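The structure appears right after this line, and notes come after that.
In our numbering, the protein residues as written are 11 to 176.
Here it is in structure tokens:
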């Protein structure tokens with residue numbers, strides 16, 4: 011990995027204290043020590059506004075709320091302090107509709123619960139070492155949803171002109 015995790019600020023957003031502690035323990039094992047957490051969308055917004063995280067680890071379900079609400083806010087709200095911050099979604103609800111909703115909200119990567127240290131580390135390494143360019147269109151802002159360039163693709167290039175200049 012090209013970056014020391016000790017230098018990065020992580021925000022873990024989950025309503026389950028045990029899950030937060032488990033993820034934070036994994037992150038400490040990877041060498042991270044700037045760890046913060048929130049249990050609601052409102053608290054996550056407050057944490058990000060006070061001191062933006064470099065990487066957000068977000069649970070899909072936060073009590074009665076969906077974590078994608080926070081992802082949409084982070085990506086699109088004019089007051090968002092870090093619209094480009096990588097978001098890794100943790101979910102025990104890995105059905106296609108939920109994953110598509112999270113992807114469409116601008117989530118970078120996914121881990122299915124129960125999360126293993128190897129899976130989490132792999133996703134962290136991907137968002138650091140292989141970040142996808144961000145795309146802006148009238149109805150989407152976030153990482154390019156295509157994970158790879160297909161050399162055999164023959165259709166129109168619809169997104170190349172909408173990548174924001176960073």
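C-beta: ideal position from N, C-alpha, C; glycine also.
These numbers come from a predicted model, not from an experiment.
If you compare alpha carbons, which of the options is closest to residue i?
i           : options         : result
residue 148 : 133, 86, 46     : 86
residue 4   : 40, 118, 90     : As displayed, the chain neither begins before 11 nor continues past 176, which places residue 4 out of reach and without an answer.
residue 123 : 16, 18, 14, 28  : 28
residue 42  : 25, 92, 16, 33  : 16
residue 103 : 92, 126, 69, 88 : 69
Give every residue of the same chain whose Cβ lies closer than 6 Å to the Cβ of residue i, excluding the five residues on either side of it in the sequence, and list them in chain order.
i           : result
residue 47  : 22, 30
residue 142 : 153, 154
residue 25  : 49, 72, 73
residue 78  : 111, 112, 115
residue 75  : 51
Which of the three DSSP states is assigned to residue i in this structure?
i           : result
residue 18  : coil
residue 39  : helix
residue 148 : coil
residue 44  : strand
residue 96  : coil
residue 125 : coil
residue 25  : coil
residue 105 : coil
residue 30  : helix
residue 137 : helix
residue 64  : coil
Below 8 Å on the Cβ atoms is my contact criterion, and I expect residue i with residue j to pass it. Report the Cβ-Cβ distance as a whole number of Å.
i          : j           : result
residue 81 : residue 112 : 7 Å
residue 73 : residue 50  : 7 Å
residue 63 : residue 107 : Between residue 107 and residue 63 the Cβ distance is about 27 Å, and since that is not below 8 Å, they are no contact.
Excluding the 5 residues preceding and the 5 following residue i in the sequence, name in chain order all residues of the same chain whose CB lies nearer than 7 Å to its CB.
i           : result
residue 131 : 40
residue 172 : With a pLDDT of 49 at residue 172, under the threshold of 50, the predicted position of this residue should be treated as unreliable, and no value is reported.
residue 90  : 83, 84
residue 13  : 138
Suppose the cutoff is 8 Å on Cβ atoms and the five residues either side in sequence are ignored; what does the same chain contact list for residue i look like?
i           : result
residue 121 : 98, 99, 100, 101, 129, 130, 133
residue 61  : 19, 46
For the ligand PLP, is there a heavy atom less than 7 Å away from the beta-carbon of residue i?
i           : result
residue 105 : In the structure on display, the ligand PLP does not appear, and there are no ligands present to speak of.
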